[in-house]
Amino acid sequence: MQEILKVPTKAGPDLVDITGEVEGVVEKSGIKEGICLVFVPGATGAVVINENEPGLMEDFKKTLEKLAPEGGYKHPHNAHSHIRAMLLGPGETIPLEEGRLVLGTWQSIFLVNLDTGPRDRDVLVRVLGE
Ligand code: ZN
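Put into structure tokens, the structure is as follows:
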């Protein structure tokens, strides 16, 4: 069972909470025990899981800018976008129990756009199990 979510994003770094959409796919799948893979097929996109708190989101963006600042690379235009995406990774796997994602109270699933402009991102959600 797989679904592709279409998620509009702003210029990076931009985080979009997609927890509700992913839960919707899990519900529709009818799968109770297994895993849910959330993957963004793009070299300047990422998926992360953490707390949806506005201050933390700002802190996270600032940290990405510090870790991989703009400019001074060999790859043209958007090397910093690719490097930030490599640091975060393109996907996450979440366990499923009794038809629900096993997430901690303060864990939300985010799509992260790291490219320099706004992008409509495809996010692949694949539910495996029984
Ligand atoms: Zn590039």
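All letters in the sequence shown, in the order written, are residues 27 to 156 by my numbering.
Don't be surprised by glycine CBs; every beta carbon is placed ideally from N, CA and C.
Three-state class that DSSP yields for residue i in the structure shown
| i | result |
| --- | --- |
| L114 | helix |
| D85 | helix |
| V48 | helix |
| L150 | strand |
| L127 | strand |
| L140 | coil |
| K32 | strand |
| I57 | coil |
| A94 | coil |
| A105 | helix |
Expected contact under 8 Å - CB spacing of residue i and residue j to nearest Å
| i | j | result |
| --- | --- | --- |
| V51 | L127 | Contact doesn't hold; Cβ gap of about 10 Å is too wide. |
| A111 | T70 | 5 Å |
| V153 | V64 | No, V153 and V64 are not in contact; Cβ-Cβ is about 10 Å, not under 8 Å. |
| P67 | D148 | 6 Å |
Buried or exposed (CB count within 10 angstroms, at least 16 for buried), residue i
| i | result |
| --- | --- |
| P34 | exposed |
| T89 | exposed |
| I44 | buried |
| D146 | exposed |
| D85 | exposed |
| L113 | exposed |
Sequence-distant residues of its chain with Cβ nearer than 7 Å to residue i (five each side left out)
| i | result |
| --- | --- |
| S107 | G38, T70, L140, D141, T142 |
| S55 | M27, V153 |
| H101 | H108 |
Own chain, CB closer than 6 Å to residue i, minus 5 neighbours either side, in chain order
| i | result |
| --- | --- |
| K36 | P144 |
| N94 | Before going further, note that residue 94 is Ala rather than Asn in the sequence given. Closer than 6 Å at Cβ, skipping near neighbours: H106, I109, R110. |
| D40 | N139 |
Stretch pair the stretch 128 to 141 + the stretch 68 to 75: three plus CB contacts closer than 8 Å: Contact holds between the stretch 128 to 141 and the stretch 68 to 75, because three or more Cβ pairs, one in each stretch, are under 8 Å apart.
Sufficient close CB pairs (3 or more, under 8 Å) joining the stretch 56 to 71 to the stretch 118 to 128: Yes, the stretch 56 to 71 is in contact with the stretch 118 to 128.
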